[in-house]
Amino acid sequence: MNINVRILTKSVAQQYAFKRIVTFSTKPTQQAAAAAVPQQQEVTGPTVRKPIVPAHYRFVYPEFLPDPKVEWRNAVREKLERLDMLDRRRQIELPEFYVGSILAVTSSDPHAAGKTSRFVGICIHRERCGLRARFILRNVIDHQGIEVVYELYDPTIQKVEVLRLEKRLDDSLFYLRDALPEFSTFDENMEAEPLEEGAPVPINDIKVVLRPRPWLERWERQNLLGVANIEQYIKDKHRKSAEKVQKPWEKYDLMKQYRATIPEEEQKEIFAEVHTELHTLELQRKRNKRKRTFVKPKHLA
Amino acid sequence: MAQLLLRNLTRAGNAALITKGTSSSITGAEPGSRQLHTTQACCEIRKLARLRVVDNSDLGKRAMAEGRPPRCIHVYNKRGVGLIGDKVLVAIKGQMKKGILVGLKQKQRIKQPQFDSNNLVLIDDNGSPLGTRIHVPIPTVLRTILKEKTLAKGADYTKVLAIASRYV
Amino acid sequence: MLRTVLSDLARLRLNGSVCSVTQVREKGHLNRPRLRNPYWFIRQQRSQTDDQVTGENRSFIKEVIHDTYGTPALIKGVQTYEQKQLIKTNELPVPTEPWTPAVRRCGVIARKIGQYPLWLKNGERIRTTLLQVVDNHVIKYIPPEEYKPTQRPNVHNLNRYGCALVGAESTNPAQLTKEYCGIFRDSGVMPTKNLARFIVSPQAALAPGTPLNVGHFRVGEFVDVRGKTVYHGFQGVVKRHGFKGMPASHGVTKTHRRPGNIGGGGEKGRVWPGTKLPGHMGNRWRISKGLRIWRINTKYNVMWVQGSAVPGSTNGLVYIYDTILPLRKPQAAPPMPTLYEQPEDEAPDDIWYEQVHNFKDESITYKPE
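Protein chains in written order, with our numbering: chain A, 11 to 311; chain B, 24 to 191; chain C, 99 to 467.
Spelled out as structure tokens, the structure:
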């Protein structure tokens, strides 16, 4: 149920926005979101025998879906990779997070004094699949913008905490590099803000204020939703050239979309394979968490 | 070579308003900067790259406050592109000073921080820093790199580590 | 020649009464050694016109195939047929002589199935390529006395070595020519899509029908991988040799991606051999040598090999040999002539090299000094 709500809110937010096709992105496009609602009702009716994989798994575990490039695919390799990923997930909790969530990563560092280092920051990008999955954290510490790239399955990572679970309006937040520093400043000693169980992941619709040009990229060409003052800094010539490079027909290009994503049937197959394992891990984590919350007041007293 | 560069720089510096790269990123919005032609800041530290002094040495502070950050005029390694922990020669306020790179804008290895500006700590010929405090975080790899360089080069670079306020 | 002429003369004298002369026809030159292809280089695919075959006959063919080779089965991640009658444990040859570094063992045929990173125990990330040994069987062993190839492989003292013919990926024999299927008749192996010959010492000779698995190699040892590089077609110098090209503007016309000058004048006024020019790129046999095996999966017959520069595309065929680099040859004896896998053996699925981090282990931590 809450998945539908999640998809619907997303579609409402992006109703009039042009959606660029992003490789590896499995976020539903508008048509897909609209189609997903009636389909689910059909599926729940007749077939009950197969393990029902929750539809939000492809957003929670996007790295389990292989690279859609046909030339690079191989069933045995993908299977072995998934087994390794599950093995790693049994050792460490890799929580659900999205671009825009605030994470704290503790990793062992041979150079640091205590041999561990902890970095808090907002996830501005998630990319690649399988064991290569990685994400970029950004923070401003002592008025100095800092970014760190982490690999999700790197065994030197000791802990990944999600301090604030939320999404932003865009698929990647590289524009924070050109925004005012307060938009990427986060307290290092921030407390985790747990969501209610079963609540949809909130979408933070904050609009970021950019610094004047020069910028690192031509943001005016990228149809960003999370930027407030882009109009302030661009001139007519920028507007014209931005219009020229737009490809509004791409959202109708079904082949492009097909090549850039894993088909739904294959996604189901893949997740059916790992679903039970992931589900038991989730339940285990939940139980442990409950234990921890129960112990906490005792400890304080 | 370096002296010649320096002379040219000081002459040109009076005329041009420097708005490139690091200076604008630090001082924020300058009203005049939008009228000038600016290119994206070079992410590699080569000769003539602008740097940002991040220690509290008097010279460095004054140079940054005036909006005339130092320029790299030589990189002391074989490739000519400065990497983290490398020693560079800079032209700062009409003088030549040496410094150590303590934070880079270019792509870094996995788990090593990438900074929004190219940071520099000024040192003298013996490797001891001119300032007494670094006011931005520095990467932890520097501890290993500078210790290795201290052994190899004979100059004591570990004093730079001692004045750091925070590591990431 | 002389003898034939003499015999012809004798014949002339014998039937001299007949006034006819038999003609002597010979080649106008001496016998040159002709470069013949090995006998297993035959047309493989039969022309596909099955219109005449009725459905009944088709099912009969299927039945015959199942009777001779067993039912289709997924063995170690590869679709093949269970060829149970091949494995005869009592007939396995036991090597008579001990292993020495000079012994050449048989290689295997594999497919490059992809690449992904592994981590060492010190936290270092390494890139690895996965090679899957695909359903390998020895088809024939030719002893040194009989192995006289017309196209001699570049192997020192070739007369001391025999040749092992190995096939990979069994396929439906109904689609193959009669001659091609004949290669497999003696061994009883199901006809395979791919064949390769490996130069083998007589000590490491293999019986026909022996399956080759990834257990042939051991973790931590080094292998050479031979494959055909990705074909790029006819390419210019910028892509083919990494030339810099020339500027896009500043008065440059018509020479943006051209090679420029290709030689001097005067006495050297010609194009020197080896000059880098445009041409076909890729599609050549290349060997990357001395790649360490980091990990082995016996369940799927997969080995993880150092580096991401193994020649060939993903899902392409490669051949794996013991390395010829003298400093990377194994110290201890490898399985000789190969590792015979017994079904009752309970080997672990994954074998990790000691330096590699197992994903089942806990996170890597460093000890404080």
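For each residue, glycine too, the CB sits at the ideal point set by N, CA and C.
- Per DSSP, the continuous alpha helix (DSSP H) segment holding C279 (chain C) begins and ends at K276 to I281.
- With at least 16 other beta carbons inside 10 angstroms of its own, R94 (chain B) counts as buried.
- Apart from sequence neighbours up to five positions away, the residues of its chain that approach H158 (chain B) with a beta-carbon distance below 8 Å are V77, D78, N79 and S188, ordered along the chain.
- At least one CB of chain C lies nearer than 7 Å to the CB of K125 (chain A).
- Nearest CB-CB separation between I211 (chain C) and chain A: below the 7 Å threshold.
- Just so you know, the alpha carbons of N413 (chain C) and A123 (chain A) end up roughly 46 Å apart.
- Taking the beta carbon of I133 (chain B) as reference, the chain A residues within 8 Å of it are R144, V159, Y160, E161 and D164, listed in sequence order.
- Within the DSSP secondary-structure output, F320 (chain C) pairs in a beta bridge with C:R390.
- Contact between the segment 399-415 of chain C and the segment 334-354 of chain C is not established, with fewer than three Cβ pairs separated by less than 8 Å.
- A Cβ-Cβ contact shorter than 7 Å links Y167 (chain C) with Q181 (chain C).
- Judged by their CB atoms, I216 (chain A) and E230 (chain A) are not nearer to each other than the 7 Å cut-off.
- For A122 (chain A), a Cβ of chain B is located within less than 7 Å of the residue's own Cβ.
- Contact with chain C is found for R87 (chain A), since one of that chain's Cβ atoms lies less than 7 Å from the residue's Cβ.
- Chain-order list of chain B residues neighbouring I151 (chain A): V159, P160, R189 and V191, by C-beta distance under 8 Å.
- Uninterrupted alpha helix (DSSP H) stretches at least 4 residues long and entirely within the segment 240-314 of chain C occur at 276-281, given in chain order.
- Each residue's CA atom was taken as its position, placing F281 (chain A) and Y398 (chain C) some 21 Å apart.
- Contact check between the segment 164-178 of chain A and the segment 72-87 of chain A: fewer than three CB pairs, one atom from each, fall below 8 Å, which does not count as touching.
- K387 (chain C) is not a Cβ neighbour of P199 (chain C), given a cutoff of 7 Å.
- Taking the beta carbon of R94 (chain B) as reference, no residue of chain A falls within 7 Å; the closest one sits roughly 19 Å away.
- In the three-state DSSP reduction, P428 (chain C) falls in the coil class, being neither helix nor strand.
- Assigned with DSSP and collapsed to three states, D78 (chain B) falls in strand.
- Judged by DSSP in its simplified three-state form, L174 (chain B) adopts helix.
- Here the C-alpha atom of G364 (chain C) lies approximately 19 Å from the C-alpha atom of G372 (chain C).
- If you ignore the 5 residues before and after W225 (chain A), its C-beta comes within less than 7 Å of the C-beta of D188, all in its own chain and listed in chain order.
- At least one CB atom of chain A sits nearer than 7 Å to the CB of S461 (chain C).
- Taking 7 Å as the cut-off, the beta carbon of I112 (chain A) is found no closer than this to the beta carbon of L183 (chain A).
- Taking a Cβ-Cβ threshold of 8 Å, the residues of chain C close to Q168 (chain A) are S461 and T463, in chain order.
- Counted as a single uninterrupted DSSP element, the beta strand (DSSP E) harbouring V150 (chain A) occupies residues R144 to I151.
- One alpha carbon belongs to L389 (chain C), the other to L216 (chain C), and they sit about 15 Å apart.
- Around the beta carbon of D165 (chain C), a 10 Å sphere encloses fewer than 16 other beta carbons of the protein chains shown; the residue is thus reported as exposed.
- Secondary structure at S157 (chain C): helix, using DSSP grouped into helix, strand and coil.
- Within the same chain, Cβ atoms closer than 6 Å to the Cβ of A143 (chain A) are found at E73 and L162, the five residues on either side in sequence being excluded.
- The bridge partners DSSP lists for E81 (chain A) come to none.
- Within chain A, no C-beta atom comes nearer than 8 Å to that of D148 (chain B); the closest sits roughly 27 Å away.
- Contacts with chain A at 7 Å (Cβ-Cβ) do not include F315 (chain C).
- DSSP places Q232 (chain A) in the coil class of the three-state scheme, outside both helix and strand.
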